[in-house]
Each structure stands twice: as structure tokens, then as C-alpha cells.
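Report on the following structure.
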Amino acid sequence: MSNDKRAASAPWIRTRLRTAPGAATALAVLVLVTAFLAAAFPRAVDAYESKGLRHDIATADAGRSTVEIARPQPGLELPQEQREAETRNPELTRVGTALLKALPAPLRADASSVAYGVRTTKPSVATEPWLPRPDAVPPKLTYVAQSGLKDHATLASGAWPTAPDGVTADSRAVQGAVTEETAAELKVKVGATITLLTAAQEPITVTITGIVAPRDPKGSYWSADPLLRSPSLVPDPGSSFPVNFWTGTVLLAEDTGPVLLSTAAEPVVFWRFPPDPTGLTGPDGSRLTSVIASLESGPGLLKVRRIAGGTAVVGTGLGTVVEANARMRDAIGPVIAVAGLGIGSVAAVVLLMTGALIAARRRDELALMRSRGGSLRGIGGRLLAETAVTVLPASALGLLLAVLLVDEGRWWPGALAAAGVALLVCVALPVRTTLQHIRPTLHGAREDMVSARPSRRRTVAELTLLVLAVGAVTALLRRGTSTGGGTDLLVSAAPVLVGLIAALVLVRLYPLPLRLAARPMARLRGAIGFLSLARAGRSSAGGALPLLALLLALATAAFGGSVIAGIGDARDDAALASVGADARVSGMGDRATLPDELVRTVSGLDGVRDAAPVRVEYSVTMPEAAAGDGAGTRTDTAADTGTAGDDAGDAATAALVGVEPASYARLARTHGLPAFPAARLRATGPSAPLPEGTEAGPERVLPAIASPAVAARLGKEPRAVRTLSGDFQVQVVGTTAHVAAVSSTNFLIVNAASLEQKAPTTLLLAGAPDPGKLRAAVDENGKKFVVQLRSEERARYVNTPMQAGAERIYLAAVAAGAGYALLAVLLSLLQTAPERKTLLARLRTMGLTTAQGRRLLAFEATPQALLAAGGGLFTGWATIALLSPGVDLVPLALAGVAGSDTGPVPLRTDLWSLGLPAAGVVALAAAVAGVQAWWASRRGSITELRAGDSR
Numbered sequence: 002m003s004n005d006k007r008a009a010s011a012p013w014i015r016t017r018l019r020t021a022p023g024a025a026t027a028l029a030v031l032v033l034v035t036a037f038l039a040a041a042f043p044r045a046v047d048a049y050e051s052k053g054l055r056h057d058i059a060t061a062d063a064g065r066s067t068v069e070i071a072r073p074q075p076g077l078e079l080p081q082e083q084r085e086a087e088t089r090n091p092e093l094t095r096v097g098t099a100l101l102k103a104l105p106a107p108l109r110a111d112a113s114s115v116a117y118g119v120r121t122t123k124p125s126v127a128t129e130p131w132l133p134r135p136d137a138v139p140p141k142l143t144y145v146a147q148s149g150l151k152d153h154a155t156l157a158s159g160a161w162p163t164a165p166d167g168v169t170a171d172s173r174a175v176q177g178a179v180t181e182e183t184a185a186e187l188k189v190k191v192g193a194t195i196t197l198l199t200a201a202q203e204p205i206t207v208t209i210t211g212i213v214a215p216r217d218p219k220g221s222y223w224s225a226d227p228l229l230r231s232p233s234l235v236p237d238p239g240s241s242f243p244v245n246f247w248t249g250t251v252l253l254a255e256d257t258g259p260v261l262l263s264t265a266a267e268p269v270v271f272w273r274f275p276p277d278p279t280g281l282t283g284p285d286g287s288r289l290t291s292v293i294a295s296l297e298s299g300p301g302l303l304k305v306r307r308i309a310g311g312t313a314v315v316g317t318g319l320g321t322v323v324e325a326n327a328r329m330r331d332a333i334g335p336v337i338a339v340a341g342l343g344i345g346s347v348a349a350v351v352l353l354m355t356g357a358l359i360a361a362r363r364r365d366e367l368a369l370m371r372s373r374g375g376s377l378r379g380i381g382g383r384l385l386a387e388t389a390v391t392v393l394p395a396s397a398l399g400l401l402l403a404v405l406l407v408d409e410g411r412w413w414p415g416a417l418a419a420a421g422v423a424l425l426v427c428v429a430l431p432v433r434t435t436l437q438h439i440r441p442t443l444h445g446a447r448e449d450m451v452s453a454r455p456s457r458r459r460t461v462a463e464l465t466l467l468v469l470a471v472g473a474v475t476a477l478l479r480r481g482t483s484t485g486g487g488t489d490l491l492v493s494a495a496p497v498l499v500g501l502i503a504a505l506v507l508v509r510l511y512p513l514p515l516r517l518a519a520r521p522m523a524r525l526r527g528a529i530g531f532l533s534l535a536r537a538g539r540s541s542a543g544g545a546l547p548l549l550a551l552l553l554a555l556a557t558a559a560f561g562g563s564v565i566a567g568i569g570d571a572r573d574d575a576a577l578a579s580v581g582a583d584a585r586v587s588g589m590g591d592r593a594t595l596p597d598e599l600v601r602t603v604s605g606l607d608g609v610r611d612a613a614p615v616r617v618e619y620s621v622t623m624p625e626a627a628a629g630d631g632a633g634t635r636t637d638t639a640a641d642t643g644t645a646g647d648d649a650g651d652a653a654t655a656a657l658v659g660v661e662p663a664s665y666a667r668l669a670r671t672h673g674l675p676a677f678p679a680a681r682l683r684a685t686g687p688s689a690p691l692p693e694g695t696e697a698g699p700e701r702v703l704p705a706i707a708s709p710a711v712a713a714r715l716g717k718e719p720r721a722v723r724t725l726s727g728d729f730q731v732q733v734v735g736t737t738a739h740v741a742a743v744s745s746t747n748f749l750i751v752n753a754a755s756l757e758q759k760a761p762t763t764l765l766l767a768g769a770p771d772p773g774k775l776r777a778a779v780d781e782n783g784k785k786f787v788v789q790l791r792s793e794e795r796a797r798y799v800n801t802p803m804q805a806g807a808e809r810i811y812l813a814a815v816a817a818g819a820g821y822a823l824l825a826v827l828l829s830l831l832q833t834a835p836e837r838k839t840l841l842a843r844l845r846t847m848g849l850t851t852a853q854g855r856r857l858l859a860f861e862a863t864p865q866a867l868l869a870a871g872g873g874l875f876t877g878w879a880t881i882a883l884l885s886p887g888v889d890l891v892p893l894a895l896a897g898v899a900g901s902d903t904g905p906v907p908l909r910t911d912l913w914s915l916g917l918p919a920a921g922v923v924a925l926a927a928a929v930a931g932v933q934a935w936w937a938s939r940r941g942s943i944t945e946l947r948a949g950d951s952r
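Take 2 as the starting number for the sequence shown in the numbering used here and just add one per residue.
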């Protein structure tokens, strides 16, 4: 019996696929694309998390990322021979090999850069008279006998240091080397000798036999302890005066560690293991944090001590690097989840719409089978087999493409996502069809949304969904959208919830304007308006499912576009805050002034639209806070800053900025900065410019524009300040929150013409001068001036792998949202395409012209398109307004850039992201209607008007 069933099923499937190859192909392509997107999303998230973790570890300072295991010198209670043996290369190599194998997964070390040896931890004073003494303080040196010197350096001059046979703690002469930087700064030459004293004050002579150059200066071998590579001039902490001395490291020959045991420099035995991040994946981050914590103070440390000795300790900053990566991942995750859940919901609705379209096209066929005795199980089984033959290979191919194109990531999340797509499509069509044919159906009355009354079951179901969605959104509003790390499904589902509410409400409200508009249209002489409204009210294209798909797609596209636009705006603002204008010319020192010739030359370059010379003096001491005036100094723009007088205590020092009010106001206006009240700094009366060479008296009162905190500190009355530009009094006449010349939040702006010293220290430029010509013009005045370009500063905000991956996902989300929105429009119009073609054919027999047919279809599609566009605008705006309090774009825009402004970057509504997709829906609906009318006019009426066609 089963063989007969299989034999009977095969011809049915082949017959159906041959009968409708276009529909089967279209369904397969849709499933292929959806399965690919569903499988690629988790793999793309895994990929950017993995690359981000590797990037952060690989680019971290070696002193932080290297895992160092160290223990003090062998105890004095041990025999001398044993103490010396534990510091020689054979024993160090044996222990290092064992430690390397014992590192717990997923922590792996770069075996080629592992280093071990003996080093001193207490610097020793070098008394040689030829060593430099900047403040009459002799240098202090550390000594290290480290493995692998020849593998990680090249010999610049001299010879490699060697260890004589039988070096012991009693040896008094060893050989060493220094790097080129150490030799240059400390005046060390080949053949020089340095004395290292033992604990008994006996001299150990260290002969410098060679000067070496590191092969990879930034590698872990040389950067785990930067003094190995470069000496440093450091202040003397024990001196009551500000004096500095040099400190550096001498590289002893390998296997000379025993000689350091006799010194009082506190030698330690160490093993350094730089991490190898090449095999790490994103999910390994949490395991890596746990493993590092175990090594530092847990079971891992006990295992290390069994190998290296009971006094061994593990030190590393790798844990902080991984934790910083985890914080960025947790901050980006909720934003990405919104895109993933939104596009996934749109795709699911579009797949359901596809099943509904297929079911509607085959409704008469299946109704005939049902009327002739076909069972629901038999019909559903045939439909399931027919759909599975098309869907399963397409889903598998989509998964394969995702695996091939997204080269990293776990395979099982993508496989589950692709399987979910296949299951949804395979189940949706049979279930939808069998539910429609539980009872044999006859031709009934036409569906009319205007006059139709929904059933009680539908009303109850819609009200239930509406109440649940409103309750979820209310809970989200009450508790806030900040997840505090990790992904919250309720927050991520905000577009879906808002879209569901809007779809249910709009579908119920949609008939009302049609009823109101149908009455006046019925009184008009023309039939096009009335027919179009009647068709719009009768069409099933305006149902909840197509509308929900459009709303979700438009909301997700608007959210994604706003995120991408917000990232760009944040980077532009950060670059402007750092440079102050399109270009900036300033001296290398804070007190360096710009020559007049340089200002004139640069201001006249091609591409420079405006120039504003500015005099900046940093760290000017402010007077004590004015008692009782703090709250009353906020004038005009200060009210917009939200800063109270309590900030006065934070403004003990401020930057003094002398400007030309007119040119600075133009520059601020050009760059979109707050309006600058130039008229208030007019140099008249007591603040009039001084004659050349005249000293200013302390009684002069200059009007000033201050930051809110400085204004709160100075109060309303004139206050005396002492500056390098002269001594005078200032009276705050206004406040502003930002100034282009400095990045400090505490500043005081005065008219430069009123200062005793007027020479500018900075020149701010508006425009796009040629960088080469600008730098050439500046270099003509010497190498003591620096050129900064806003475009170059903006280019610094390059994406880390995690940021770039998140942005690519959002770009894909916007593109996919737009694509699914267009597909939803097409599916909704295709569902009623046969009815419209029949209508046009009938109306043409009554004298309808081709132009009138086009207008009829365009007017018919307009209400649904306007409903979707308006609902999409509202849904997108509501989604952004709901999620913006908990979304900070700093991790996506500015994280990882040194010196960038890391203040919160809120999500703001981007009008283009809201308006363009909505306008595209209306344009597409009109275009499809026009094309359909044109195509119908090319076919004869007899072709469409056949007996048995739908009404």
C-alpha cells in the first residue's frame, strides 16, 4: 500500500512543478535569499565578535597582554649549587615548556615569542662618570639575562655577549649588550664597562660587547618591558626638588642569571608568554576571562605553582583587555538584536504572505478536490510534499552560501535559522490551505472592507494581541530601554511591538476615511474616483498581514538608517571638537605665536574661505568663586546648557581665548557651532585696544564670554585675572557651551584686540585647502608649527573589526528591510492582480480608455500605499523615540580612538531614513499599477473575460 502511495505521489509532484514552474522558482528564490540572510546573520555576528577579540588582543600593549609568571630568587636556605641550577637555561627551559603546555584553553601562547630568564627588579645606581646626568643624578639600571636575544635582534656593532663556562654567583665579570636607543641616550659604546655591586659591595664588571637593533620593536619580546628597548627619563621620587634621572636595561648574555644572585637588586626568575589570538572566537571571551582569573588567584595558580615553585605569581593585564572587549560587545549587541529581530519578523511575514498568495491562486483547485472527496490529510500531505521538494533544497543552498561567504562563525546557529525558514514555509502553506477547506465552500459574496463586519473570533484575537503588545510597550516605557549589558528580547522586539499595534489599529481605522470619501465621490459625474475607492475598500491588499510587513520593514529601515547616520554625525562632531575648524595651524608649544606673514599667507591660499586668528593660553588660574553669585550668572545661552552654579568649584583653571569677534562668529556659524554674540565683545570704552607698546593696567575691565562653570565661578561683578597676555579684570556678559579653539570645557573668551599681548597662537581655517600646499606654506616659516586637518582627524575614526561588522550588519538590515518592503507591496498587489485585469477588461467594453484605466489602478493603490507610508513613518519615529534613551552610539562610533570625545551619543531620528523608504512604497505602488494597466491594455478583452473567472 505504501509503495502505491509513493507511486501516486511522485506524478502529482512532477505534474504540479511542470504546471507552474514560475511560481515554484519564485518561491525557491525567496526561500534561498531568506535562508541565506537567516543563516548569515548569526555567523556575521560571530565573525565580527571573533575578529574584534583578536584585534583587541593583538593591538593591546604587550605590557598589558603578556602573561608573566615570576617567582623570587631561590631561597638562601638552599645549597648554592641548587640555587644556581634553578637560574640556568636548562632548568628555565624545562619549566617554561611545562608551563606552556599547562596553559588552560582557550588561552594559547605565541611560542616564537616566549621569553624567560632572570632580571633585577630594583634598579642599581651606575656611577660611571661618562654616563649622562641631566640634573646631577646618576642613572639607575636594571639587568636581565633573557633567552632568545639573537632570535629577536640584529647586531648593529660589536659582538654578541657570551657567557663563560661555569658562571656562578661568585663570578665577577660578565658580558652584556644594549639597544641602539639605549646606547644613544646613555652614551654607551662598545667596550664600555659598567659596575654592578654585589650585596657585599663587591664589583661585578659588565662589559658591553655589542649594540643590537630589535627586529620587531613593538613585539612582545621588547615591549613587555619597554626599558629593554628604550631608556626613560623619570623624576626622582625621593627628591624634594623636581630632578630627573635616566633609567634603562642592560641585556646580559644568556645563561648568566646565576651572577645576579649575589646582588642586592632583588632578582626574580620569570617566564613571559605573549598570547596568540589567532585561534580565539567571540564566544571564547567569557571563558578567557574566567581562565585568566583562575591563573591569577584560583585553581590555575595552584597548578602553576606545582610547576614553577610555591612562590610563583601570575601577572597580566589580558583580563582587562578581554573585559573591555566584552563591554563593547554588550553595548553593541542590543542594537544589533533590534536589526536582527526586526528583519526576521519582516521576512517571516513576507513568507506567510507568499503562502497566502499561493493558497489564493489555488483556492478553486483545492476546493474542487475537497468537493470530490479529498481529505484534509491527503490534501495537506500533497501540499507539504510539493512545497518541501522546492523549499528544502533552496534552504540548504542558502545555508551553504552563508557558510561560504561568511567565513567564520559557529555553524549550528546558522543551520537552525535556515531550518526555521524551511519549516515555516513548509508548514505555512499546508496549514493555511487546509484551514480554508475544512468545509466545502461555494462562491459567496464579495469581500468588502468598508461594509464587512469582522467576526467575534477575529475581534477577540486582535484585541488580545493589541492588549499584549500595548502592555509590553508600557512595561518597556516604565522600566527604560537600557539593558545594562547583554541583549533584552523585549527591547529588541520594540519595532515588532509598535508595528503590531499600528497594524491592528490602522486596519480597523482604514475603512472609516473610505466611507467618508465614498459619499462625495458618488455624487460626482466621473466614475473613476468612486470605482477606485470601491475597489480600495474591497481589496484584500489592505489586510493586516501586508500592512504589518510594510510597517516592520519601514521601522527597521528607519532605525538602521538613523543608527548609521548617527555614527557619521558623532564622528564628524568629534573631529570638529578636536580640530576646531576645517584646518588648524598652531605652534608646537603652548606659547609659540604665529608670525603675521604666516597668517596672511595661509589665509590667502586657494580653498580657504575664511580664517580666524586666535590667541589661546591654557591653565589660567581663576579667582575664587564669587559668594552667592553662582546661580545668577547664567545669561542667555547659559540657560540652554543645563549647567548650574554648583560647577564653579570645578573651574579653578580655564583656557583664555582671545578672538577677533567678527571672524570667529563667521567661523562658528560656518561649522554649525552655537551662535557667538560677537557684539558683546566690542572693544570700546575701558576695553578699547591699547596703543602699541603700552602696558595694560589691572583696572581695565574686559567683557568676556565664558563657559557655564567659569561664569558660575566669576559671578556678575568684574574679577581680576593674571595671564601671560596681561593683567586685567573680566566681566562675564554671556555664556556658551562650546568654543572652537579649545577642547576644554572651562574657558574664557575675550577680544584679542584688548589684550596686552595680541599675537595669535592658533589660526582656524574654514574651507578645503590643499593639504600639501597648506603644509608647504607653514613649513616656510620653520618646523615649529603644526597643521591639523579635520578630514585627517575624521579618518582616525576607522572602524575596529567589531564596529565595522556591526555597521555592515546594519547596512544589510536597511537594504533587506527595503527589499522586503518592496516585495510585500508586490505580493499584496499580485494577490489581487487577476481581479484588476478582469475589471479593466470589463470596463473597456463599456468605453474605459487606457488613460482612465491607469488612473483607476493608481487611485485604487493610493489609499493602501498612503496608509502603509504614514504608518511606517509613525512606527519608525515611535521605535526610535522608544529606544533612544537606552541606545548610546559611542561603542559603534568612537570607541577605541585615543583622545576622542567619549560623551554619550544618543540616537536621533534621521529624516531621510524615515522619509525615503515611505516615499519608495508609494512610488512603487503607483509604478506597479501603471505597469499593470499598460500590460492589460495590450491584451484583448476576450482573453480575460472567460466563463468561470473570479468576479
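Using N, Cα and C, we set each Cβ at its ideal position, and we do this for glycine too. Note that the structure is predicted; figures quoted are calculated from it, not measured.
Close CB contacts of residue 255 within its chain, under the 7 angstroms cut and outside five residues either way in sequence, are with 90, 146, 148, 150 and 164 (chain order). Per DSSP, residue 621 lies in no alpha helix (DSSP H); the unbroken beta strand (DSSP E) holding it starts and ends at 609–622. The segment 206–247 is shown to contain whole alpha helix (DSSP H) runs of 4 or more residues at 221–224, in chain order. Scanning its chain for C-beta atoms nearer than 6 angstroms, with the 5 sequence neighbours on each side dropped, one finds around residue 29 the residues 391 and 395, in chain order. Taken through DSSP and simplified to helix, strand or coil, residue 654 comes out as strand.
With distances taken between CA atoms, residue 865 lies nearest to 827 out of 891, 855, 827 and 878.
For residue 115, there is no enclosing beta strand (DSSP E), as DSSP gives it neither H nor E. In the DSSP annotation of this structure, residue 701 is not part of any alpha helix (DSSP H), being labelled neither H nor E. Counting the other Cβ atoms within 10 Å of the Cβ of residue 276 gives 16 or more, which makes it buried. Boundaries of the alpha helix (DSSP H) around residue 804: 802–832. If you compare the alpha carbons of 507, 743, 683 and 680 with that of residue 708, the shortest gap goes to 743.
Per DSSP, residue 729 is one residue of the beta strand (DSSP E) stretching across 727–736.
Just so you know, the alpha carbons of residue 883 and residue 495 end up roughly 8 angstroms apart. Between the segment 305–312 and the segment 61–69, the count of Cβ pairs shorter than 8 angstroms is below three; the stretches do not touch. The alpha-carbon separation between residue 54 and residue 326 amounts to approximately 6 angstroms. Between residue 45 and residue 806, the C-beta spacing is below 8 angstroms.
Taking a cut-off of 8 angstroms on C-beta distances, the segment 842–854 does not touch the segment 803–820, as fewer than three cross pairs fall below it. Within its own chain, the residues whose Cβ lies closer than 8 angstroms to the Cβ of residue 672, once the five positions on either side in sequence are excluded, are 577, 582, 583, 741 and 767, listed in chain order. An exposed status is given to residue 80, since fewer than 16 other beta-carbon atoms sit within 10 Å of its beta-carbon. Cβ contact annotation for residue 384 (same chain, cutoff 7 angstroms, sequence separation greater than five): 430, 431 and 434, in chain order.
With fewer than 16 neighbouring CB atoms inside 10 Å of its own CB, residue 135 falls in the exposed class. Cβ neighbours of residue 471 within its own chain (closer than 7 angstroms, five residues either side excluded): 502. The segment 184–194 makes contact with the segment 240–255: 3 or more CB pairs, one atom from each, lie closer than 8 angstroms. The Cβ atoms of residue 174 and residue 210 do not sit closer than 8 angstroms to each other.
Between the segment 263–280 and the segment 94–101 there are three or more C-beta pairs closer than 8 angstroms, enough to call the two in contact. Residue 506 and residue 872 have their alpha carbons spaced roughly 10 angstroms apart. Here DSSP, grouped into helix, strand and coil, assigns residue 511 to coil. In the same chain as residue 116, and ignoring 5 residues on each side of it, the C-beta atoms closer than 7 angstroms to its own belong to 147, 148, 149, 222 and 273, in chain order.
Relative to the Cα of residue 761, the nearest Cα in the group 596, 341, 315 and 289 belongs to 596. Contact annotation: residue 337 and residue 319 have beta-carbon atoms that are not nearer than 8 angstroms. Assignment of residue 339 by DSSP, reduced to helix, strand and coil, places it in the helix class. In the DSSP annotation of this structure, the continuous segment of the alpha helix (DSSP H) that includes residue 665 starts and ends at 662–671. In this structure, the alpha-carbon of residue 795 lies about 45 angstroms from that of residue 100. Taking 8 angstroms as the cut-off, the beta carbon of residue 144 is found no closer than this to the beta carbon of residue 229.
At a cut-off of 3 residues, the continuous stretches assigned as beta strand (DSSP E) that sit fully inside the segment 65–151 are 68–73, 116–121 and 141–147. Taking a cut-off of 8 angstroms for Cβ pairs, the segment 334–353 and the segment 33–41 touch, as three or more such pairs fall below it.
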